[in-house]
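**Q** Quick one: the structure is below, questions incoming.
Numbering (UniProt numbering), first residue to last: 1 to 140.
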């Protein structure tokens, strides 16, 4: 993450699954607000337990939802954490919500890091609760 942030603020946020309605609207809003985050010197990075292929296909849906050309490109990367390694390391798994294989999904976690790479804010929403990216922008 250090290479991605350089001397900027950073937001790492997770979502339960690609192709779900709430996650689509959330990442759509994050994409719409990306220029506002950039004005504040903030880099966004998303994470989920889905594959890179799923992320790319889903990006088309997100862009279409935003009324834009449905491409595989979003203004921020989405980390493939199919093995849940990073989610486990960072405590991002929802203790209650499970996928079809009875494996825990990622909760809706937000970590905000300062330019010094130190954690400035963390928010954990259950997988079943959507979050407000306008509010996240406000706290930066």
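Using N, Cα and C, we set each Cβ at its ideal position, and we do this for glycine too.
Would you decide whether residue 127 is buried or exposed? Buried here means 16 or more other CB atoms lie within 10 Å of its CB.
**A** Along the chain shown, one-based indexing puts residue 127 at 127. Buried, by the Cβ-count rule.
**Q** Residue ranges of each alpha helix (DSSP H) run of no fewer than 4 residues wholly in the segment 68-122, ordered along the chain?
**A** If we require 4 residues or more, the alpha helix (DSSP H) runs fully inside the segment 68-122 come out as 85-89.
**Q** If you run the structure through DSSP and keep just helix, strand and coil, what is residue 140?
**A** Within the chain shown, numbered from 1, the residue matching residue 140 stands at position 140. The answer is coil: DSSP assigns residue 140 none of H, G, I, E or B.
**Q** Tell me whether residue 106 is buried or exposed, calling it buried when 16 or more other Cβ atoms sit within 10 Å of its Cβ.
**A** Here residue 106 refers to the residue found at position 106 when the chain shown is read from its first residue. Buried.
**Q** Under a Cβ-count criterion, where at least 16 other Cβ atoms within 10 Å of its own Cβ denotes burial, should residue 103 be classed as buried or exposed?
**A** The count along the chain shown starts at 1 and reaches residue 103 at position 103. Under this definition residue 103 is an exposed residue.
**Q** Looking only at its own chain, which residues have a Cβ that is under 7 Å from the Cβ of residue 64, when we skip the five neighbours before and after it?
**A** Walking along the chain shown from the start, residue 64 turns up at place 64. Contacts found: 70.
**Q** Distance check for residue 25 and residue 59, CA to CA, integer angstroms please.
**A** Here residue 59 is taken as the residue at index 59 of the chain shown, counted from 1. Here residue 25 is taken as the residue at index 25 of the chain shown, counted from 1. Distance between the alpha carbons of residue 59 and residue 25: 11 Å.
**Q** Based on the DSSP secondary-structure assignment, which residues constitute the bridge partners of residue 11?
**A** Within the chain shown, residue 11 is the residue found at index 11, counting from 1. 44 and 112, per the DSSP bridge assignment.
**Q** Which residue wins for smallest C-alpha separation from residue 87, given the options 133, 139 and 47?
**A** By 1-based counting over the chain shown, the position of residue 87 is 87. Looking at the Cα atoms, 47 is the closest of the given residues.
**Q** Looking at residue 83 and residue 45, is the spacing between their C-beta atoms short of 8 Å?
**A** On the chain shown, residue 45 is found 45 positions in, with the first residue counted as 1. On the chain shown, residue 83 is found 83 positions in, with the first residue counted as 1. Contact: no.
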